[in-house]
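**Q** There's a structure below that I have some questions on.
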Amino acid sequence: MPQFPPLVRKNATDATDVREQRFRIRLNSQQYTFSDMENTQENSASQNPTPADDNARQAADTTNAAAQQPQPAPADAAAAPQAAPNEAETALAAAQAKITALQEDFLRAKAETENVRRRSQEDVAKAHKFAIENFAENLLPVLDSLEAALADQSTDLGKVREGVELTLRQLTGALEKGRVIPVNPVGEKFDPHRHQAISMVPAEQDPNTVVTVLQKGYVIADRVLRPALVTVAAPK
C-alpha cells in the first residue's frame, strides 16, 4: 500500500488548502488503483500465455539448449573415421600371421612325412638285404659239423653215423629257428595246396588219403616252400 501524506488541518477557515489536500488524496488513490490494475494484467498474461507466447518460449528454450550442448572437438571428429582403417589393418596383420604359422606347420609336417617315408624305405631295403642273416647264422654250426666229418679219417661206421645224426639235428634246429617246418602228411587227407600226388595205389585207407610220403614238403610261416611228394589211396 502506498503511504499517503497525513491530512493536516491548519485552520478551519483555510478551505482552499483543505480541498487541495483532498484532491491530492484522491489523485494518489487513483494512481494506486491504476498501478494495481497494470500489475494484475501482467500477472494474468504470465499465467495464461497465448499460443504465440508458447511458440516463442519453445524456440527460445531450443536455442538455449543447443547453445548449452558441448560441441565435439575437432580431434574426436578426425579420430572417428580413422578407427575403422586401424581395425582393418589389425585384422589383416593377424590373418597374415596366422597364414605364416600355418605355412610353417605344413612345411614341418611335410618334412616329417618325407623323413618317415625315407626311413621306411631304408628299413624295407635292410630287411630284404639282411632277412637271411639270422637264418644263415643258425646254419653255420651245421657247416662246421660237415667239415669236421670230412676231416675225420676214421673207418668206424658207427661213429660216422653218429656224426651224421648230430649234424641232421643241428640242421633241423636251424630250420625250425627260421620257421621252416617239414610237412609229413602220412594218413592225412590229400591237400592239393600242400601235397603233390605221384600216383594212386590200392590201400585200406579211405580214398584220397595219403598212403606214403616219397619226399617231405616244407612250409615257412604257413607258406609252402615245397609240396610233399605223396601217393594217394585209390577209390574202392
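First residue of the sequence shown: 510, per our numbering; consecutive thereafter.
Using N, Cα and C, we set each Cβ at its ideal position, and we do this for glycine too.
Identify the continuous beta strand (DSSP E) that holds G726 and give its terminal residues.
**A** Here the beta strand (DSSP E) through G726 covers 726–729.
**Q** From the DSSP output, in three-state form, read off S460 for me.
**A** The structure shown does not extend to residue 460, since the chain is modelled only from 510 through 745, so no value can be given for it.
**Q** I'd like to know whether the C-beta of L723 is nearer than 8 Å to at least one C-beta of chain B.
**A** Checking the listed chains, one finds no chain B in this structure; it contains a single protein chain.
**Q** Quick one: residues in its chain with C-beta nearer than 6 Å to the C-beta of N520, no 5 flanking neighbours on either side, listed in chain order?
**A** Here N520 scores only 46 on pLDDT, less than 50, and its place in the model should not be relied on; the value that follows carries that caveat. The answer is none, since no qualifying residue turns up.
**Q** Could you check the C-alpha separation between K635 and P736 for me, to the nearest Å?
**A** Looking at the two C-alpha atoms, the distance is approximately 30 Å.
**Q** Counting C-beta neighbours from all protein chains within 10 Å, is the total for A620 16 or more, i.e. buried, or is it exposed?
**A** Looking at its Cβ environment, which holds fewer than 16 other Cβ atoms inside 10 Å, A620 is exposed.
**Q** Out of E674, L684, E713, which one is the CA nearest neighbour of L734?
**A** Taking only the C-alpha atoms, the option nearest L734 is L684.
**Q** For A597, list the residues DSSP reports as bridge partners.
**A** According to DSSP, which records beta bridges pairwise, A597 is partnered with nothing at all.
**Q** Using a Cβ-Cβ cut-off of 6 Å (strictly less than) and excluding sequence neighbours within five positions of L648, which residues of its own chain qualify?
**A** Around L648: A683.
**Q** Whose CA, out of E713, P711, P694, lies closest to the CA of Q705?
**A** Selected option, being the one with the closest Cα: P694.
**Q** Over the uninterrupted alpha helix (DSSP H) stretch that includes V695, give me the two end residues.
**A** First-last for V695: undefined, no H or E at that position.
**Q** At a cut of 8 Å, does the region 649–663 reach the region 671–682 through at least three beta carbon pairs?
**A** With the cut-off at 8 Å, the region 649–663 and the region 671–682 touch.
**Q** Please identify the residue among G726, I707, H702, T664 whose C-alpha is closest to the C-alpha of P691.
**A** Cα-wise, what sits closest to P691 is G726.
**Q** On the CB-based measure, 16 or more other CB atoms within 10 Å of its CB, does T522 come out buried or exposed?
**A** Because the pLDDT at T522 is just 45, under 50, the model does not fix this residue reliably, and the value given afterwards should be weighed accordingly. By the 10 Å Cβ count, T522 comes out exposed.
**Q** On the three-pair Cβ rule with 8 Å, is the region 707–719 touching the region 736–745?
**A** The region 707–719 vs the region 736–745: in contact.
**Q** What is the DSSP secondary structure of T740, reduced to helix, strand or coil?
**A** Looking at T740 - three-state DSSP - the assignment turns out to be strand.
**Q** In angstroms, rounded to a whole number, what distance separates the CA positions of L723 and F699?
**A** Cα to Cα, L723 sits roughly 14 Å from F699.
**Q** Are there 16 or more other CB atoms within 10 angstroms of the CB of V633, so buried, or fewer, so exposed?
**A** So V633 counts as exposed.
**Q** My assumption, with CB atoms under 8 Å, is that A743 sits in contact with M709. Please give the rounded CB distance.
**A** Indeed, because the Cβ distance is near 4 Å, the residues count as touching under 8 Å.
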